[in-house]
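Report on one structure; see the data block that follows.
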Amino acid sequence: MSPTPKKTNPPSDVILEVKDLVQSYNGRAVLNGLNFKVRKGETFVIMGGSGCGKTTLLRILIGAQKPTSGSVHLFGEDITKASTQELDRIRLRFGMNFQFGALFQSMTVGENIALPLQEHSQVDPSLIEMVVKMKLELVGLTGFENFKPAELSGGMRKRVGLARALALDPELLFSDEPTSGLDPVMTAVVDQLTLDSTRKIGVTAVVVSHDMTSCFRIATHMLMLGSGPRQGEIIAEGTPDEIRANPDPFLQQFVRGEADGPIAFRLSQDDYLKHLLQEG
Amino acid sequence: MKFSFESLLNAGGSRLTYGLLNLRIVAWILYGFTRPGIIVPSQILSQIIRIGVQAIPMASLVSLSVGFILAMQSSTELGKMGADSFIPDLVSLSLMRELGPLLVAIIVVGRSGSAVAAELGTMKVNEEIEALRVMAIDPIRYLVVPRYIALMIMLPCMTIFGNCVGLVGGWAVCTLEMGMPSSFYIVRAMQRPELWDLYSGIIKTAVFAHIIITTACYQGLNVEGGAEGVGRATTSAVVYSILWIIIADTILTGLFYFVL
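Order-wise, the sequence lines are chains X and U. Quick note on numbering: the numbering used here labels position 152 of the first sequence as 177, and the sequence is numbered without any gaps. Quick note on numbering: the numbering used here labels position 185 of the second sequence as 415, and the sequence is numbered without any gaps.
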């Protein structure tokens, strides 16, 4: 059996703590010694360009992947050392909203939301039905219980994914690119739902996104991951105002969405020449 | 990691090898006896319908054709020796011992084994398997075990049904084409086989069912690389299932012939 995860005594309001986290693939560090904390009630947004390791980080945070080194303390327990049984117990305390919903295609919307309740609670089926209706009302999809995921639009699927993630009333909600591929109105709707979850229900949210408008709309705390020459580092961390005021050119290029800057989209002249002259 | 029954149930984080999949299926079924409700009966029933009942028409058609073929082919040779009366014996014995289990299994591989591999593979690509794990639901318990139990129940049933349909095919040729009395065909076809002939066929179907469903689930759950990966897994599930079924059939037939 795996060793029992060592209990730590973090400050009571810290529910997620990442320490010296490293993830490497074939000797290349995608995440390089990350350290940060998420406090109760926060909407913690992790931003970064494509390929910067956001999704890898999220997979490590939910226990779907073991890091190369470092630790992730979730609700005070180190999930990198937890057994599957211990991890399952921790997983009941958080919900995960996948980028494309990850809804079970063979089930209806209602069955998708009911599944975690059927599996992890002893409540009466009629009560589960009522909870499903309440969760659908929360995401503005009342009356869609009997629809199959294939019959819904992308935005609706994301909202059903959110409703399923909230089915067990988790303390913490992870959200992977909740607004990618949505029109501005639907983006605002999904953002509002995330805000409702955190402000009205009291859920702490960790959102991975590269949609700047959305990030600044929902975040109470932000973290920017680097890419390219600064791959795997934390470029900046702070409140939305601190992020806006941060002079780091890498961060500012990303926040303003500019093509020219330290985030290169093609090789430098020297590197390109080397690449051309490379044999084989 | 200490090897124990509990460690098998909770080995969700380990890389899924074929051996581990088999051990985990057995562990969950045994655990299911101690915790009724952990394996949902309605899921088993829905899989019985999807991978068993819905394959019956195709399996019946093949069995009927095999009955026709066996009777027609044997009548040519046995007729030359004046041994027409042995055709019902040959049809019933061939179906029960060998052709019934083998052909129904191959039909189920093509129809249900490929469907299971494609379904689980698509679920893996669409992050549905990941979603189950994040919801603290073990995919082996929730997806694999109901399919396993369903096929272990249905393949022997389908084989027995297929044998009966095949006998009807043989009867049609013997009575309508060769003018053999129906009563004679039925008596010969029923009297000649012994109970062991039926049992040996059923034992084979149980082994075939195990091969089909574990191969399909293993290939489906290990899909990598999107739609192309799903296609590859489906092909592998069918090819490896048929290969292992024929190897297992040879071993079992040898075992029954030489040992038992």
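All C-beta atoms in this analysis are idealised placements derived from N, C-alpha and C, irrespective of residue type, glycine included.
Between the CA atoms of residue j and residue i - distance to the nearest angstrom
i         : j         : result
THR465(U) : GLY459(U) : 10 Å
HIS145(X) : LEU152(X) : 14 Å
LEU250(U) : LEU238(U) : 8 Å
TYR429(U) : MET159(X) : 54 Å
ALA446(U) : VAL214(X) : 41 Å
LYS65(X)  : ASP38(X)  : 5 Å
THR33(X)  : ILE40(X)  : In this prediction, THR33(X) has a pLDDT of 47, which is less than 50 and means its spatial position is unreliable; what the coordinates show is noted afterwards. About 11 Å.
ILE336(U) : LYS434(U) : 13 Å
PHE486(U) : PRO287(U) : 30 Å
ALA139(X) : VAL364(U) : 15 Å
PRO272(X) : ASN240(U) : 48 Å
LEU207(X) : GLY180(X) : 6 Å
ARG255(X) : GLU102(X) : 30 Å
LEU187(X) : ASP216(X) : 11 Å
PRO35(X)  : GLU42(X)  : In this prediction, PRO35(X) scores a pLDDT of 47, lower than 50, which makes its location untrustworthy; the coordinate-derived value is nonetheless stated afterwards. Rounded to whole angstroms, PRO35(X) to GLU42(X) spans 9 Å at the Cα level.
ALA436(U) : THR81(X)  : 42 Å
LYS31(X)  : ASP113(X) : Since pLDDT at LYS31(X) reaches only 47, below the 50 mark, its modelled position is unreliable, and no value is offered.
ARG254(U) : MET420(U) : 41 Å
LEU83(X)  : MET326(U) : 55 Å
THR29(X)  : LYS106(X) : Any reading at THR29(X) needs caution, since the residue's pLDDT is 49, under 50, leaving its predicted position unreliable; the model's value is listed next. Spanning the two alpha carbons is a distance of roughly 8 Å.
LEU46(X)  : GLN277(X) : 25 Å
PRO92(X)  : LEU59(X)  : 11 Å
PRO271(U) : THR204(X) : 38 Å
LEU163(X) : ASP221(X) : 9 Å
LEU332(U) : ILE443(U) : 15 Å
LEU381(U) : GLU454(U) : 26 Å
GLY227(X) : ALA467(U) : 47 Å
THR167(X) : LEU161(X) : 5 Å
VAL5(X)   : ASN452(U) : Since the first residue of chain X shown is 26 and the last is 305, residue 5(X) is not available in this structure.
CYS387(U) : ALA285(U) : 12 Å
SER27(X)  : ILE104(X) : Any reading at SER27(X) must be qualified, since the residue scores a pLDDT of 44, below 50, and its modelled position is unreliable; no value is offered.
MET231(U) : VAL339(U) : Confidence at MET231(U) is low in this model, with a pLDDT of 42, below 50, so its placement is unreliable and the value that follows should be read with caution. Distance between the alpha carbons of MET231(U) and VAL339(U) is about 36 Å.
Among the options, nearest to residue i - alpha-carbon criterion
i         : options                                       : result
GLU407(U) : LYS434(U), GLY309(U), CYS394(U) and MET288(U) : GLY309(U)
VAL63(X)  : GLU267(X), HIS300(X), LYS299(X) and ALA244(X) : ALA244(X)
LYS44(X)  : ARG224(X), ASN51(X) and PHE61(X)              : PHE61(X)
VAL469(U) : PHE391(U), GLY343(U) and PRO411(U)            : GLY343(U)
MET249(X) : LEU56(X), GLU154(X), GLN48(X) and LEU218(X)   : LEU56(X)
THR223(X) : THR167(X), GLY168(X), LEU191(X) and VAL210(X) : LEU191(X)
ARG280(U) : SER131(X), LEU117(X) and ALA139(X)            : SER131(X)
ALA457(U) : PRO423(U), THR352(U) and CYS387(U)            : THR352(U)
GLN143(X) : GLN124(X), ARG189(X) and LEU163(X)            : ARG189(X)
CYS240(X) : ALA54(X), ILE71(X) and SER49(X)               : ILE71(X)
ALA54(X)  : GLY73(X), CYS77(X) and THR68(X)               : CYS77(X)
SER293(U) : TYR261(U), SER324(U) and ASP368(U)            : SER324(U)
GLN110(X) : ALA366(U), ILE443(U) and CYS394(U)            : ALA366(U)
CYS394(U) : PRO318(U), LEU482(U) and THR483(U)            : PRO318(U)
LYS173(X) : SER200(X), LEU128(X), GLN147(X) and GLY165(X) : LEU128(X)
THR68(X)  : LEU117(X), ILE85(X), LYS299(X) and SER234(X)  : SER234(X)
GLY424(U) : THR264(U), VAL256(U), MET302(U) and SER322(U) : The sequence shown places Glu at residue 424(U), not Gly. Nearest C-alpha to GLU424(U): SER322(U).
LEU291(U) : SER412(U), THR389(U) and ALA439(U)            : THR389(U)
GLY484(U) : GLU328(U), VAL338(U), ARG341(U) and LEU385(U) : GLU328(U)
PHE119(X) : THR212(X), GLU154(X) and GLY88(X)             : GLY88(X)
SER108(X) : VAL417(U), GLU236(U) and TYR448(U)            : GLU236(U)
LEU275(U) : MET384(U), THR306(U) and LEU362(U)            : MET384(U)
CB contact check: residue i to chain C, cutoff 8 Å
i         : result
ALA127(X) : Given the protein chain composition of this structure (X and U), no chain C is represented.
Integer Cβ distance of residue i from residue j, believed to fall under 8 Å
i         : j         : result
LEU177(X) : VAL185(X) : 7 Å
VAL296(U) : GLY431(U) : The Cβ separation is near 13 Å, so there is no contact.
GLY282(X) : MET237(X) : 7 Å
GLY73(X)  : SER252(X) : 6 Å
heavy atom of the ligand FAD below 7 Å from residue i C-beta
i         : result
ASP296(X) : The model on display carries no ligand, and the ligand FAD is accordingly not part of it.
- Can at least three beta-carbon pairs, one atom from the segment 89–103 of chain X and one from the segment 335–355 of chain U, be found at a separation below 8 Å? no
- Query: So does the segment 403–421 of chain U actually touch the segment 351–361 of chain U, counting three or more Cβ pairs closer than 8 Å?
  - Reply: no
- Take every Cβ of the segment 301–320 of chain U, pair it with every Cβ of the segment 473–486 of chain U, and state whether three or more of those distances are shorter than 8 Å. no
- Item | Any 3 or more C-beta pairs closer than 8 Å across the segment 477–488 of chain U and the segment 359–378 of chain U | no
- Message: If the cut-off is 8 Å on Cβ atoms, which residues from the segment 133–150 of chain X count as contacting chain U, listed in chain order?
- Response: LEU140, PRO141, GLU144 and HIS145
- Query: Taking any Cβ of chain X, which residues in the segment 360–371 of chain U have a Cβ under 9 Å from it, in chain order?
  - Reply: GLU360, ALA361, LEU362, ARG363, VAL364, MET365, ALA366, ILE367 and ASP368
- Message: Taking beta-carbon pairs under 7 Å, can you tell me which members of the segment 96–121 of chain X lie near chain U?
- Response: SER108, THR109, GLN110, ASP113, ARG116, LEU117 and MET121
- Interface positions of the segment 69–97 of chain X facing chain U (Cβ-Cβ less than 7 Å), listed along the chain: ILE87 and ALA89
- Closer than 9 Å, Cβ to Cβ, to anything on chain U: give me those residues from the segment 154–182 of chain X, in chain order. none
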